[in-house]
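Written out below as structure tokens is the structure these notes cover.
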Amino acid sequence: MKRHFRVWRGDSSGGDLTDFDVEVNEGEVVLDIIHRLQATEVPDLACRWNCKAGKCGSCSMEINGKPRLGCMTRMSTFTEDETVTITPLRAFPVIRDLVTDVSFNYEKARETPAFAPPVGVAPGEYRMQQIDVERSQEFRKCIECFLCQNTCHVVRDHEENKEAFAGPRFFIRAAELDMHPLDDRTDRKEYAQASQGLGYCNITKCCTEVCPEHIKITDNAIIPMKERVVDRRYDPLVWLGRKIFRRDELEAGAVPAGAVPAGAPAHRVPLSSARLPEGPPVGPDGHMDVAELAAPIQGGPSPFGEDMTFPLPPEHVVYHHPSPQKD
Ligand code: SF4
Ligand code: SF4
Ligand code: FES
């Protein structure tokens, strides 16, 4: 049967909704309709997609005003006489039609301090039990569709906040590393508070509501981090520390002798319990340092060997599949 659609068409200079009546078959999703439109009436309709299986996170769009994946939104969600309106993500600049420039998210990813390998444990010797990763495993389901980023009112309604706010996707990354049994940094929560703008979040849970992976962004990542930041700030021991240490010691970030393991990198220096760490300074271009490049610990050696260049020659690309069970 034919159903009515309104699709936003335009570019950074402006655009409008265009009406279409398109054939819809049983079991189809919104992305099927966009493909049908491209194959019939509007071959130049721009839309980003890759997997059509809810796994690549490319086909994010707003359908009847709600941020969703086009490939995971069944047409049976709507009543037969309902007009389906498809628009690009609102929080990011439009490139063309349904394609937006999501580079904001990659900039924030670049600013997020990377996993800090443990001192004295060589790559290949990392060992973890399932129980160690039980809590943080949920966050690894993220497909980087950025629907949560698009929904969060902190940036959706306030473009000017983008510089200081990393957004829910990167709060779950911070929480994941904070809960990581082998991550050597001890200041993930404080960094999120001081440099990623965790304090801007007022726990409306809109991000959680739109996450196609059903990650409990607010309850399992943001709230625990906020609670621990508050714990450190208002912990009675912290209060005591303020009474014991002189102000100049606190301001210098003094830590008791012997508290720092010999040879420990800078980020392993325990935080003064009376002083929250400060984020790296924001440069004149409005960006912080690329923490990943500045990390004091080098990553492990390349698994491909030292003198390998990319792209890898085909003979070096080996895919290991589990071999069939031999009895
Ligand atoms: S809970 Fe926080 S991060 Fe999520 S949408 Fe609301 S303000 Fe944004
Ligand atoms: S947390 Fe969920 S909504 Fe946000 S980018 Fe990841 S999968 Fe998408
Ligand atoms: S096309 Fe990959 S998530 Fe929709």
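Numbering (the UniProt record's numbering), first residue to last: 1 to 327.
No residue lacks a Cβ here, since even glycine has one placed at the ideal position from N, Cα and C.
{"Asked": "For residue 79, which of helix, strand or coil comes out of DSSP?", "Found": "coil"}
{"Asked": "Determine the contact status of residue 88 and residue 99, defining contact as a CB-CB distance below 8 Å.", "Found": "yes"}
{"Asked": "Beta carbon of residue 29, beta carbon of residue 86: below 8 Å?", "Found": "no"}
{"Asked": "With 16 other CB atoms within 10 Å as the buried threshold, where does residue 191 fall?", "Found": "buried"}
{"Asked": "Please report the straight-line C-alpha distance between residue 173 and residue 94, rounded to a whole angstrom.", "Found": "26 Å"}
{"Asked": "Consider the C-beta atom of residue 147 and the heavy atoms of ligand 2; say whether any pair is separated by less than 7 Å.", "Found": "yes"}
{"Asked": "Any contact of the segment 113-122 with the segment 15-27, i.e. 3+ C-beta pairs under 8 Å?", "Found": "no"}
{"Asked": "Can you name, in chain order, every residue of its own chain whose Cβ lies under 7 Å from the Cβ of residue 91, other than the five neighbours on each side?", "Found": "149, 150, 155 and 156"}
{"Asked": "Does any residue of chain D have a CB that is nearer than 8 Å to the CB of residue 209?", "Found": "Absent from the structure is chain D; it holds one protein chain and no more."}
{"Asked": "Taking just the CA atoms, how far does residue 68 sit from residue 57?", "Found": "10 Å"}
{"Asked": "So, using beta-carbon positions, are residue 37 and residue 126 closer together than 8 Å?", "Found": "no"}
{"Asked": "Using CA atoms only, rank isn't needed, just tell me which of 33, 32, 165 and 204 is closest to residue 109.", "Found": "165"}
{"Asked": "CB-CB under 8 Å to residue 121, same chain, minus the five flanking residues each way: which ones, in chain order?", "Found": "182"}
{"Asked": "Is the number of C-beta pairs between the segment 140-148 and the segment 212-219 that are closer than 8 Å three or more?", "Found": "yes"}
{"Asked": "What do you get for residue 169, buried or exposed, if any count of 16 or more other CB atoms within 10 angstroms of its CB means buried?", "Found": "buried"}
{"Asked": "Decide if residue 128 is buried, meaning its Cβ has at least 16 other Cβ atoms within 10 Å, or exposed.", "Found": "exposed"}
{"Asked": "May I ask you to check if the CB of residue 69 is nearer than 7 Å to at least one heavy atom of ligand 3?", "Found": "yes"}
{"Asked": "When the Cα atoms are used, what is the spatial distance from residue 54 to residue 39?", "Found": "22 Å"}
{"Asked": "By the three-class DSSP mapping on this structure, what secondary structure does residue 32 have?", "Found": "helix"}
{"Asked": "Ignore the nearest five residues each way along the sequence and tell me which others in residue 7's own chain have a CB closer than 6 Å to its CB.", "Found": "18 and 86"}
{"Asked": "When we look at the beta-carbon of residue 1 and count the other beta-carbons within 10 Å, is it buried (16 or more) or exposed?", "Found": "exposed"}
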